[in-house]
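J.:
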Amino acid sequence: MIAKTSLYISLFLALGISYSQGQPLAFNGQQIELDGSWNLVMDDFLSYDEISQRPKSISINVPSIWNEVLWEGSKVGAYGFGTYYRTFIYPQNLRDTTLAIEVSEVSLAYKLYANEKLIGQVGNPGADKNKAEPRIDYQIFDFSVQAGDTITLIFHISNFEHKTGGLWYAPTIDYETRIINRYEQGRTIKLIILGCILIGGLFQFTIFILNPREKFCIYFALVCMSLSLIIITRGDLTIMDLFPDTSWITLKKTLYLAIAMTGPANALFLREIYPKFYPTKIINIMAIIAIALVLFVIVVHPRITYSIVPLLHGYNIIIGVFLLVCLVRAAIARKYGARFLLIGYAAVFLTLVHDMLSSQYILPSYSFELMYLGITIYIIQLMILLSGRYLFALKGKEELSNHLKKVNKELEEMVERRTKALKDKNQIIETKNAELQKAIKEKDHLMAVVAHDLKAPLSSIQGISEMMGTDLEGQSAQFNEMIKKVTMDGRAMIENLTELKVFEQGDYEVKLLSIDIGDFFDQKKMEYNARAEKKDIVLKSHLISKQKIVTTDVNILGRITDNLLSNAIKFTPKGGEVNFNINANEESLTLVFKDNGPGFKENDKDKVFKKFQRLSARPTAGESSTGLGLSIVKTLVKLLNGTIALESEEGNGATFTVTLPV
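Per mature numbering (1 follows the signal peptide of the UniProt record, and there is no 0): the sequence shown = residues -22 to -1, 1 to 640.
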């Protein structure tokens, strides 16, 4: 479908261009040929009367340049001035009318006469450089003829700037109405072609601005720009209509710039379309050479650049052949669009090659519309190719979107199912949690009842044991002491459990008061010195107080200190040492408790602050241990927003560090 559409559009434009060319003027079946042999007289601007006297002249083919022509035994060269003339007879049997002559580029200024009448000029030809005003432009001049008139067309031409001089292209003569109609039809089609190319290039350039990852868009824009520059600087020189004051230097620089860009821009574009078939290194080398040529064209005067124009043409032909071969490979591999793009590329390549060779007078020059047709076919096929790529991309995006919608729907259904399952599980968890809270409350109530009910008999047993202790001796006294100790341990455990429950449930209200840390330290030191002496333990204590008054809950601080000091003494062997240090400053209160007892194994450190844990370390003198002391300490430290840390190695004692804010 894409190939057929491209073919139909190309055929339509070809027919339009062919129609716009019309038929050349013919008299009695004989065309007036203005290409071929003309008379040339150098170093003089001859008038019609002087030409009528048949002056000495030489024959020169048009189109051509006069550089290699021999005049008076020597080559004319590029620079100079002279007169071209040619005579034709308007038939007797034709009506009086107005003819028109179409003149393209002439190097570099001229005046045109029909017999003695000046019918037009471009620039101002002169006998020397100072008098000449160079200019290049496309013009149509009209003049009247009567039946049987003998018309001599006379060109006064001068060139003191360009590397070549003379009539570069053969003029065309026809009836005025026909030549103007043909010009307007051709110009209309040409502007349509130019507009399509520029719009396509601008569209792709805009896409590149919005999405720079699409590099083929900027390369396509470069292709469009280079081909557009070729179109407006060849043939009827559309650039002169757009910018009437354009100098011949700017005109030629623009043309040479387009020639330098066209091949490499195509190479970069086709590499992006078919990357596997266009070697990146070779394309990059082409691009680097093109950049160098572009800079050369911009900087250097056109008369010098003209010397390397054959090299530019040869370079583009080499690139074109290389790209054509790569495109053939892509077409053989059945890559998308390669086959019908091959037709368009071959068309533009052959027409541009013809234009290059004819501009160097290697091949005969035909109508510029042939080149326009090749460019048009190529650009249209490129646009259709890119449109197809976008179409496939949109189709793929649509398919992906539909797939995503399907997946999203499935995910939504899955989420809905899992949400329902999660709600059901949450309901179960809430039910279980409510049952658990109820069980905890019942357990707490039971513990409170049991603790209350156990305290009374344990107190009675303890009292009876103390009373009996005064009258017992020997083994009976030992048993009585054991009963007394077990009773006291039981009461201590009940009190600890009750206290831990109060702290954990948040029933305890923290009361922050200002205390003298020195008094607190002295009290605890005196209290625990006596207990330490019973085990021959040395209690070393040290106070560093930069802040004498601190704010804390004295009850909690006392409980923390009591638990950790009693533990240190309990687990330190007879004759050992316990260190108790306090460091108070403006920001924190730090308490350090260090013993040289058995310490903790590595796997015991995670259990130290948990309730009812059986650890490897045991009290050194048979003291009791409820397994709740350190758990209570951890809870109390949290109540004061503090931290507690343990450092210990088995056999090297333990160090507890408590840090509290003040």
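Note that the Cβ used here is the ideal one computed from N, Cα and C, for glycine as well.
Fair warning: this is a prediction, and the values are worked out from it, not measured in the lab.
Using three-state DSSP, classify K141 as helix, strand or coil.
T.: Note: K141 maps to coil in three-state DSSP.
J.: Does DSSP put L18 in a helix, a strand or coil?
T.: L18 falls in the strand class under three-state DSSP.
J.: State the Cα-Cα distance for the pair L96 and S15, rounded to the nearest angstrom.
T.: In a straight line, the C-alpha of L96 is about 22 Å away from that of S15.
J.: Please classify A87 as buried or exposed, where buried requires at least 16 other C-beta atoms within 10 Å of its C-beta.
T.: That one is buried.
J.: Look at the alpha carbon of L207 and the alpha carbon of E192, and state the distance between them as a whole number of angstroms.
T.: Approximately 24 Å between the Cα atoms of the pair.
J.: Who are the near neighbours of H140 in its chain, counting only those whose CB is closer than 6 Å to its CB and skipping five residues on each side?
T.: So the qualifying residues of the chain are S85, L86, R281.
J.: Please report the Cβ distance between I362 and V326, rounded to the nearest whole angstrom; I am assuming they are in contact, meaning their Cβ atoms lie under 8 Å.
T.: That pair is no contact at about 15 Å.
J.: Mind the definition here: the stretch 548 to 561 touches the stretch 516 to 529 only if three or more C-beta pairs lie below 8 Å; say whether that holds.
T.: Flag = yes, the stretch 548 to 561 and the stretch 516 to 529 touch.
J.: Measure the Cβ-Cβ separation of F194 and F247 and say whether it is below 8 Å.
T.: Yes.
J.: Exposed or buried, which one is M203 when buried takes at least 16 other CB atoms within 10 Å?
T.: By the neighbour-count rule (16 or more Cβ atoms within 10 Å), M203 is buried.
J.: Looking at the secondary structure, which residues open and close the beta strand (DSSP E) in which I97 lies?
T.: Looking at the DSSP string, the run of the beta strand (DSSP E) that includes I97 is 95 to 100.
J.: Please report the Cβ distance between L145 and P41, rounded to the nearest whole angstrom; I am assuming they are in contact, meaning their Cβ atoms lie under 8 Å.
T.: Indeed they touch by this definition, with Cβ atoms about 6 Å apart.
J.: For F571, count neighbouring Cβ atoms within 10 angstroms of its own Cβ and tell me buried if that reaches 16, exposed if not.
T.: F571 comes out buried.
J.: In this structure, how does DSSP classify Q9 when only helix, strand and coil are distinguished?
T.: For Q9, the predicted model reports a pLDDT of 48, less than 50, meaning its position is unreliable; a value from the coordinates is still stated below. DSSP places Q9 in strand when its eight states are reduced to three.
J.: Do I227 and T216 come within 8 Å of each other at the CB atom, strictly closer than that value?
T.: The answer is no: Cβ separation not under 8 Å.
J.: Using three-state DSSP, classify V640 as helix, strand or coil.
T.: Here V640 sits in coil by DSSP.
J.: When the distance is taken between beta carbons, is L90 closer than 8 Å to F66?
T.: Not closer than 8 Å, so no.
J.: Closest to M20 by C-alpha separation, out of Y68, S52, E627, K401, would be which residue?
T.: Considering only alpha carbons, the answer is S52.
J.: With a cut-off of 8 Å on the beta carbons, I'd call G322 and I297 a contact; round off their distance for me.
T.: Their Cβ separation, rounded to whole angstroms, is 17 Å, which puts G322 and I297 out of contact at 8 Å.
J.: Please work out which residues of its chain come closer than 6 Å, Cβ to Cβ, to I79, disregarding the five sequence neighbours upstream and downstream, and give them in chain order.
T.: Cβ within range, chain order: F119, P149, I151.
J.: Based on the DSSP output, what are the partners of E420 in its beta bridges?
T.: BP columns for E420 are empty, so no partner.
J.: Flag this pair as yes or no: are the beta carbons of L624 and K583 separated by less than 8 Å?
T.: Yes, these two residues count as a Cβ contact at 8 Å.
J.: Which residues bound the alpha helix (DSSP H) around G58?
T.: First-last for G58: 58 to 67, but that is the beta strand (DSSP E), not the alpha helix (DSSP H).
J.: Taking its Cβ as the centre, do 16 or more other Cβ atoms sit within 10 Å of D212, making it buried, or is it exposed?
T.: The amino acid at residue 212 is misidentified as Asp; the sequence shows Arg. Per the 10 Å Cβ criterion, buried.
J.: Which same chain residues end up closer than 8 Å to Q124 when comparing Cβ atoms and leaving out the 5 residues on each side of it in sequence?
T.: Counting only Cβ-Cβ distances below 8 Å, and skipping sequence neighbours, we find Y68, D74.
J.: Please report the distance separating the alpha-carbon of L535 from that of T409.
T.: Between L535 and T409, the C-alpha separation is close to 39 Å.
J.: Please name the residue or residues paired with K388 in a DSSP beta bridge.
T.: First, the amino acid is wrong: residue 388 is Glu here, not Lys. Its beta-bridge partners do not exist; DSSP assigns none.
J.: Helix, strand or coil, according to DSSP, for Y153 in the structure here?
T.: Y153: strand per DSSP, three-state reduction.
J.: Tell me whether the stretch 98 to 109 and the stretch 155 to 163 touch, counting them as touching only if at least three CB pairs, one residue from each stretch, are closer than 8 Å.
T.: No, they do not touch.
J.: Within 10 angstroms of its Cβ, does P112 collect 16 or more other Cβ (buried), or is it exposed?
T.: It counts as buried.
J.: Considering only DSSP beta bridges, list what W49 is partnered with.
T.: DSSP output for W49 lists S52 as bridge partner(s).
J.: Quick one: Cα of K512 to Cα of N545, how far?
T.: Distance between the alpha carbons of K512 and N545 is about 15 Å.
J.: On the three-pair Cβ rule with 8 Å, is the stretch 328 to 340 touching the stretch 258 to 273?
T.: Too few Cβ pairs lie closer than 8 Å, so no.
J.: Buried or exposed, going by whether 16 or more other CB atoms sit within 10 Å of the CB of A412?
T.: Under this definition A412 is an exposed residue.
J.: E487 by DSSP, collapsed to three states: which one?
T.: Coil at E487, not helix or strand.
J.: What is the C-beta distance between S132 and I29, in whole angstroms, given that I count them as a contact (C-beta under 8 Å)?
T.: Reading off the sequence shown, one finds Ile at residue 132, where the question assumed Ser. That belief holds up - the Cβ atoms of I132 and I29 are roughly 7 Å apart, short of 8 Å.
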